[in-house]
Amino acid sequence: MKYDVYGVGNALVDIQARVSDQVLAATGFDKGIMTLVDDIQQQSVLSSLGDVSLNRCAGGSAANTIVGIADFGGKVAYAGKVSGDEVGGFFLKDMRELGVTIEVAPAESGPTGTCAVLISEDAQRTMLTNLGVSITLSEADIDEAEIAQAKYLYVEGYLLTGESTKAAAYKAIDCAKRNNVKVAFTASDPFLVNTMRDEIWSLIEGPVDLFFCNEEEAKSLTKLTDPIACAAEIHKHCENVAMTLGANGSIIMHGGESFPIEGVATDAIDTTGAGDMYAGGVLYGITNGLSWKQAGHLGSHAASRIVSQLGARMEKKFSPEEIKQLMA
1 MKYDVYGVGN ALVDIQARVS DQVLAATGFD KGIMTLVDDI QQQSVLSSLG DVSLNRCAGG
61 SAANTIVGIA DFGGKVAYAG KVSGDEVGGF FLKDMRELGV TIEVAPAESG PTGTCAVLIS
121 EDAQRTMLTN LGVSITLSEA DIDEAEIAQA KYLYVEGYLL TGESTKAAAY KAIDCAKRNN
181 VKVAFTASDP FLVNTMRDEI WSLIEGPVDL FFCNEEEAKS LTKLTDPIAC AAEIHKHCEN
241 VAMTLGANGS IIMHGGESFP IEGVATDAID TTGAGDMYAG GVLYGITNGL SWKQAGHLGS
301 HAASRIVSQL GARMEKKFSP EEIKQLMA
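For the sequence shown, position 45 matches number 45 in UniProt numbering, and the numbering has no gaps at all.
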């Protein structure tokens with residue numbers, strides 16, 4: 001196949017900054033959560049940071065996962081909408097230099113989406129997201145011929161929140177199913193699960209072959225409290241489940257079996273992209289000859305590595321030898 005994974009999601013440029021609690025409080029936004037902001041609010045916050053060092057990279061949840069797969073050596077493509085502005089040009093250049101095929105035509109007007117990630121001293125992320133033109137991703141941007149050449153389609157749940165992006169997500173899923181391409185879907189956010197529980201269940205019970213979620217999302221979805229019971233309940237309706245448990249590792253459900261995956265001890269300084277990188281490790285693994293348990297181990301180690309640094313890009317990539325060791 002031409003691609004291991006073809007991703008679809010919101011195309012955002014992440015702008016990361018480490019800030020004190022005092023600076024964070026001065027922004028007026030709640031600590032540790034994601035807030036949608038407009039252009040003026042975003043620029044106001046970034047301007048208020050003064051001389052704080054900023055780190056910029058192509059981002060968005062599914063984009064982070066796709067880049068993670070590329071970092072492992074996987075073959076990937078991505079569909080996301082940016083503008084023809086400088087920020088959009090940066091997004092495309094950054095993704096392509098990392099080995100990601102992306103051919104969606106830029107929007108003719110409007111700003112490229114950005115996500116200001118303010119990282120406090122306790123490693124919590126306060127995310128201010130301006131979706132920009134990412135919300136204009138549409139069915140016209142989905143290329144069935146390209147999806148047909150992938151082993152897996154990966155769709156982020158955030159796309160369900162917009163009329164145009166939802167249509168794009170469902171078209172991509174339909175294209176995958178018509179061409180015998182497996183579908184992976186990530187819950188994205190507990191708030192999303194709370195507001196769209198029935199729709200997400202319909203996807204789990206229908207076209208989704210692999211469902212990614214964290215413990216909080218699984219509890220919200222199933223209304224159960226025990227994480228193992230949550231994973232088992234979802235697995236009754238979905239062939240494969242990958243549920244993260246933070247520092248406690250994760251649970252992989254496959255073929256009626258449960259595979260507990262240990263957490264990897266690390267000093268966390270920034271949790272940005274941990275779940276995204278976990279998904280990248282799992283997807284790379286199952287599309288490149290690893291067992292489900294081995295893929296879970298790779299995802300766990302990748303998530304551990306990403307939280308020990310600033311930003312959602314692995315500064316120290318896994319060597320083929322390291323991947324082989326995780327297969328033992």
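Yeah, the Cβ is synthetic: ideal placement off N, Cα and C, and Gly gets one too.
Residue i, enclosing beta strand (DSSP E) - first and last residue
| i | result |
| --- | --- |
| residue 16 | 12–18 |
| residue 151 | 150–156 |
| residue 257 | 257–261 |
| residue 115 | 113–119 |
| residue 136 | Residue 136 -> no beta strand (DSSP E), and no H or E assigned at all. |
| residue 128 | 125–130 |
| residue 242 | 240–244 |
| residue 250 | 250–254 |
Buried/exposed call for residue i, threshold 16 Cβ in 10 Å
| i | result |
| --- | --- |
| residue 91 | buried |
| residue 203 | buried |
| residue 325 | exposed |
| residue 1 | exposed |
| residue 281 | buried |
| residue 165 | buried |
| residue 240 | buried |
| residue 42 | buried |
| residue 54 | exposed |
| residue 305 | buried |
| residue 256 | exposed |
| residue 52 | exposed |
| residue 16 | buried |
| residue 50 | exposed |
| residue 122 | exposed |
| residue 74 | buried |
| residue 33 | exposed |
Residue i, enclosing alpha helix (DSSP H) - first and last residue
| i | result |
| --- | --- |
| residue 331 | As displayed, the chain neither begins before 1 nor continues past 328, which places residue 331 out of reach and without an answer. |
| residue 329 | Because residue 329 is not part of the residues shown, which for the chain are 1 to 328, the question remains open. |
| residue 164 | 163–178 |
| residue 277 | 274–287 |
| residue 23 | 21–27 |
| residue 204 | 197–205 |
| residue 64 | 61–72 |
| residue 88 | 86–97 |
| residue 221 | 215–222 |
| residue 324 | 320–326 |
| residue 145 | 144–147 |
Nearest candidate by alpha-carbon position, reference residue i, set the options
| i | options | result |
| --- | --- | --- |
| residue 214 | 198, 236, 183 and 251 | 251 |
| residue 65 | 274, 305, 290 and 294 | 274 |
| residue 162 | 9, 125 and 69 | 9 |
| residue 31 | 119, 85 and 111 | 119 |
| residue 68 | 321, 254, 278 and 17 | 278 |
| residue 245 | 236, 254, 262 and 253 | 262 |
| residue 293 | 101, 109, 188 and 249 | 249 |
| residue 302 | 289, 29 and 319 | 319 |
| residue 19 | 297, 124, 194 and 63 | 124 |
| residue 323 | 72, 135 and 177 | 72 |
Min CB distance residue i to chain C below 8 Å
| i | result |
| --- | --- |
| residue 20 | Given the protein chain composition of this structure (a single chain), no chain C is represented. |
Residue i vs residue j beta-carbon contact at 8 Å
| i | j | result |
| --- | --- | --- |
| residue 61 | residue 209 | no |
| residue 13 | residue 83 | no |
| residue 197 | residue 221 | yes |
| residue 45 | residue 137 | no |
| residue 70 | residue 99 | yes |
| residue 113 | residue 11 | yes |
| residue 287 | residue 154 | no |
| residue 207 | residue 173 | yes |
| residue 147 | residue 179 | yes |
| residue 149 | residue 3 | yes |
| residue 94 | residue 58 | yes |
| residue 171 | residue 139 | yes |
| residue 48 | residue 26 | yes |
| residue 242 | residue 296 | yes |
| residue 291 | residue 264 | no |
Rounded distance between the beta-carbons of residue j and residue i, thought under 8 Å
| i | j | result |
| --- | --- | --- |
| residue 5 | residue 76 | 5 Å |
| residue 79 | residue 39 | So it is not a contact: roughly 24 Å between Cβ atoms. |
| residue 192 | residue 36 | Between residue 36 and residue 192 the Cβ distance is about 13 Å, and since that is not below 8 Å, they are no contact. |
| residue 259 | residue 238 | That belief does not hold up - the Cβ atoms of residue 259 and residue 238 are roughly 15 Å apart, past 8 Å. |
| residue 218 | residue 231 | 7 Å |
| residue 156 | residue 186 | 5 Å |
| residue 29 | residue 101 | Contact flag wrong, Cβ pair sits at about 35 Å. |
| residue 107 | residue 81 | 6 Å |
| residue 175 | residue 144 | 4 Å |
Residue i: CB within 7 Å of a non-hydrogen atom of the ligand FMN
| i | result |
| --- | --- |
| residue 221 | This structure does not include the ligand FMN; it has no bound ligands of any sort. |
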